[in-house]
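Numbering (our numbering), first residue to last: 121 to 343. In what follows, a single structure is set out as structure tokens and then discussed.
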């Protein structure tokens, strides 16, 4: 019955590991895009101010706080997705390797591998991060797609219309690194959702494993 134990010791491992690694990679892409956006917005604010002030006696400054705020939250979520993926992948790989070299498993729920014992926790974390990621992607995409940088007159702190500066493009969507911010993180969500679903399915297989262990224990006692 060792094959039975081996089959159920790491539920859906053939699906979970590739999906976790793929999610880890896509979260890395999201982190890189967010880091680029944070750096790019600071530089863009200074560049726009330089262009606007060159042809005017007024002192203009540009505020992209809305993009920076959503990007900071998006970066935090992406880092947590990456950390979760790294930990889950490391645990699953470790348990898989040890299972290959030491296939004998003692009966009882306490003998479950750590990557299996924590499946419900993994599913809960992935589910929470998926919802959070989706919740921040909606306003982030809307801001990048529809809004402009806020133009301020530094002398009296008045907000001005971007149309008043004909030589300055304040529309977020016209800049490549911000277009990436509006599109690339969605691929992280697309990768996270199937990982969450497969982890939930694997967690639901745990009662089956315990039932099979009880049957195996009974068969062994009859022998």
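Glycine included, C-beta positions come from ideal geometry on N, C-alpha and C.
Can you name, in chain order, every residue of its own chain whose Cβ lies under 7 Å from the Cβ of residue i, other than the five neighbours on each side?
{"i": "residue 193", "result": "256"}
{"i": "residue 230", "result": "In this prediction, residue 230 has a pLDDT of 45, which is less than 50 and means its spatial position is unreliable; nothing more can be read from the coordinates."}
{"i": "residue 322", "result": "131, 132, 136, 239"}
{"i": "residue 267", "result": "186, 292"}
{"i": "residue 139", "result": "314, 315, 318"}
Once the 5 residues before and after residue i are set aside, which same chain residues still bring their CB inside 6 Å of it?
{"i": "residue 195", "result": "154"}
{"i": "residue 168", "result": "182, 288"}
{"i": "residue 364", "result": "The question about residue 364 has no answer here: the residues shown for the chain are numbered 121 through 343."}
{"i": "residue 298", "result": "264, 292"}
Compare the Cα-Cα distances from residue i to each of the options and report the closest residue.
{"i": "residue 243", "options": "187, 172, 325, 152", "result": "325"}
{"i": "residue 209", "options": "303, 171, 130", "result": "130"}
{"i": "residue 311", "options": "174, 143, 270", "result": "143"}
{"i": "residue 304", "options": "189, 212, 254, 138", "result": "254"}
{"i": "residue 320", "options": "296, 246, 270, 308", "result": "246"}
{"i": "residue 296", "options": "160, 172, 139", "result": "160"}
{"i": "residue 162", "options": "191, 138, 141, 139", "result": "191"}
{"i": "residue 197", "options": "214, 241, 174, 306", "result": "306"}
{"i": "residue 172", "options": "251, 214, 290, 259", "result": "290"}
{"i": "residue 233", "options": "188, 141, 212, 251", "result": "212"}
Using 8 Å for Cβ pairs, my map puts residue i next to residue j. What's the rounded Cβ distance?
{"i": "residue 152", "j": "residue 301", "result": "Going by Cβ atoms, the distance from residue 152 to residue 301 rounds to 11 Å, so no, they are not a contact pair."}
{"i": "residue 215", "j": "residue 235", "result": "5 Å"}
Within its chain, find whatever has a CB closer than 8 Å to the CB of residue i; leave out the 5 residues flanking it on each side and keep chain order.
{"i": "residue 200", "result": "249"}
{"i": "residue 165", "result": "181, 182, 183, 184, 269"}
{"i": "residue 252", "result": "197"}
- Message: Could you check whether the segment 201-208 touches the segment 145-160, counting it as contact only if at least three pairs of C-beta atoms, one from each stretch, sit closer than 8 Å?
- Response: yes
- Mind listing, in chain order, the continuous beta strand (DSSP E) runs of no fewer than 3 residues lying wholly within the segment 168-204? 180-183
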